[in-house]
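In what follows, a structure is listed as structure tokens, so that the remarks can point back to it.
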């Protein structure tokens, strides 16, 4: 069969990275994206990049409150938004330039048959099709989203003026990061979540440390509460809990996770389950030569995971035989203020759930001079090894924990044991030396 393209990418998020590599390798390549001005996807335009930019601004405000700094600062949200848009436009232009050898098709595409995508009434065929349609915010039943008073992170990251008060529902990455942003920016912030323990999947010491950090920021913690209904009224957002309790808030940010976008798949040969598009270890769907990468496959909703997946798929198509990706080694993190939470390898909860025997090392950062002076006094570092001393994973709660986790991730990739890790001598004074101490105690 003759195809229009060697490879076609459906969705212009991190899919673009695969399209660039494929086109430069000589494959006839197309990418279909309905919002071409958002080339680069949610991470660039409505997620990772703007949220970290906002958090960096809020951190400056928070640090200015130290007793030895006189005066006060105020966040100009409109100017921050303007700077964000300038940055994103520049980044989008750079990505578009990288796609010089890719045919970019600005349209909403749907996979209507094997090897066939329909867009604006036209059919495009390809030997290989890579689906990267991402995810969208999940709004629980009973919550009436209006985009004004009941909002998601999409609206928050486009605000011109901050609210005086906000409630955040959800203690995942978006909820915790946005609660940190608002509280550090001086907004009266309430964090509502369903479980009794904040970030219950984390190490117990880190869960406790995170709760204490949120309180120091000024966040009102409301754990163990599930919202039954929430609706905007003239008085504010009327929240009713499952236990019958109720109250009003000016604005409610719904941060209850994201769900895979699978609408573009309209052919029965590709299976879809409750998590997303079903794929094997190589990200190939139930239809040969059709792949799903990133959030839409429901495996791991992280931009760096999506990029790794699409590059892996393209490398296989090019016959380069890359090593199978181990998603368990992808660094996962939540950028809270001022300590962030990061995991490399397996967390304590994951080890216990899998019934894996492990040794644990824990180093609290409280009282360490560098931690005190660099906003890490409430931090905790933990590491886990098997019975032979080989590293299994780390959980880190410290400023820029996601950067520190890279050290452990490389140790995992190199299959290092404790004896090897003890040979490292990391810089002083840094947070990395506390990680060195943690790993050295295994």
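In the numbering used here, the protein residues as written are 1 to 442.
The beta carbon of each residue, even a glycine, is placed where N, CA and C say it ideally should be.
Owing to the predicted nature of the structure, the values given are computational and were not obtained by experimental measurement.
ask   = Hey, out of 33, 90, 407, whose CA is closest to residue 106's CA?
value = 33
query = Taking all protein chains shown into account, do 16 or more other C-beta atoms lie within 10 angstroms of the C-beta of residue 16, making it buried, or fewer, making it exposed?
reply = buried
query = For the alpha helix (DSSP H) that contains residue 181, what are its first and last residues?
reply = 173-184
Nearest candidate by alpha-carbon position, reference residue 165, set 202, 218, 442 = 218
message = Using 9 Å as the threshold, is the C-beta distance between residue 240 and residue 233 below it?
response = no
query = Would you call the CB atoms of residue 253 and residue 55 closer than 9 Å?
reply = no
request  = Less than 8 Å between the CB atoms is what I'm expecting for residue 248 and residue 261, so what's the real figure, rounded?
outcome  = With 8 Å as the limit, residue 248 and residue 261 do not qualify as a contact, their Cβ atoms being about 33 Å apart.
request  = Starting from the Cα of residue 384, find the closest Cα among 377, 133, 358 and give me that residue.
outcome  = 358
inquiry  = Quick test of the definition: if touching needs 3 or more C-beta pairs under 8 Å, does the stretch 349-368 touch the stretch 390-407?
reply    = yes
message = Along the chain, where does the alpha helix (DSSP H) containing residue 109 start, and where does it finish?
response = From DSSP, residue 109 is part of no alpha helix (DSSP H) but of the beta strand (DSSP E) over 109-113.
query = What residue from 245, 306, 227, 45 has the CA that sits closest to residue 170's CA?
reply = 227
ask   = Less than 9 Å separating the beta-carbons of residue 153 and residue 58?
value = no
inquiry  = Per DSSP, what are the beta-bridge partners of residue 247 in this structure?
reply    = 239
task = Along the beta strand (DSSP E) that carries residue 397, what are the first and last residues, could you check?
result = 391-398
ask   = In the structure shown, what three-state DSSP assignment does residue 138 receive?
value = coil
N-terminal and C-terminal residue of the beta strand (DSSP E) that residue 6 is part of = 5-10
request  = Count the other CB atoms, across all protein chains shown, that sit within 10 Å of the CB of residue 97; report buried if there are 16 or more and exposed otherwise.
outcome  = exposed
4-residue-minimum alpha helix (DSSP H) runs that sit fully inside the stretch 407-431, ordered along the chain = 418-421
query = If you compare alpha carbons, which of 379, 442, 374 is closest to residue 389?
reply = 442
Euclidean distance between Cα positions of residue 428 and residue 370 = 9 Å
query = Along the chain, where does the beta strand (DSSP E) that runs through residue 45 open and close?
reply = Segment 41-46 is the alpha helix (DSSP H) holding residue 45; no beta strand (DSSP E) there.
key: Burial state of residue 131, where buried means 16 or more other Cβ atoms lie within 10 Å   = buried
query = Taking the alpha carbon of residue 176 as the point to measure from, which residue in 352, 134, 259, 223 has its own alpha carbon closest?
reply = 223
message = For residue 12 and residue 31, I'd like the C-alpha separation in whole angstroms.
response = 7 Å
Residue 415 to residue 303 span [Cα, whole Å] = 25 Å
query = How long is the line joining the alpha carbons of residue 100 and residue 125, rounded to whole angstroms?
reply = 20 Å
request  = Go ahead and pull the three-state DSSP assignment for residue 283.
outcome  = coil
request  = Measure the alpha-carbon distance for residue 143 versus residue 178 and round it to whole angstroms.
outcome  = 19 Å
task = Report the partner residues of residue 84 according to the DSSP bridge assignment.
result = Its beta-bridge partners do not exist; DSSP assigns none.
query = Excluding five sequence neighbours on each side, which residues of the same chain lie with their C-beta closer than 7 Å to the C-beta of residue 424?
reply = 436
request  = Report, in whole angstroms, the separation of the C-beta atoms of residue 316 and residue 282, which I expect to be a contact under 8 Å.
outcome  = 6 Å
request  = Can you grab the Cα-Cα spacing for the pair residue 86 / residue 49, in whole Å?
outcome  = 13 Å
query = If we ignore side chains and look at the alpha-carbon of each, how far apart do residue 198 and residue 327 end up?
reply = 25 Å
query = Does the distance from the CB of residue 278 to the CB of residue 267 come in under 9 Å?
reply = no
request  = Please work out which residues of its chain come closer than 6 Å, Cβ to Cβ, to residue 203, disregarding the five sequence neighbours upstream and downstream, and give them in chain order.
outcome  = 348, 382, 395
request  = Measure the C-alpha to C-alpha separation of residue 163 and residue 80 and round it to an integer number of angstroms.
outcome  = 15 Å
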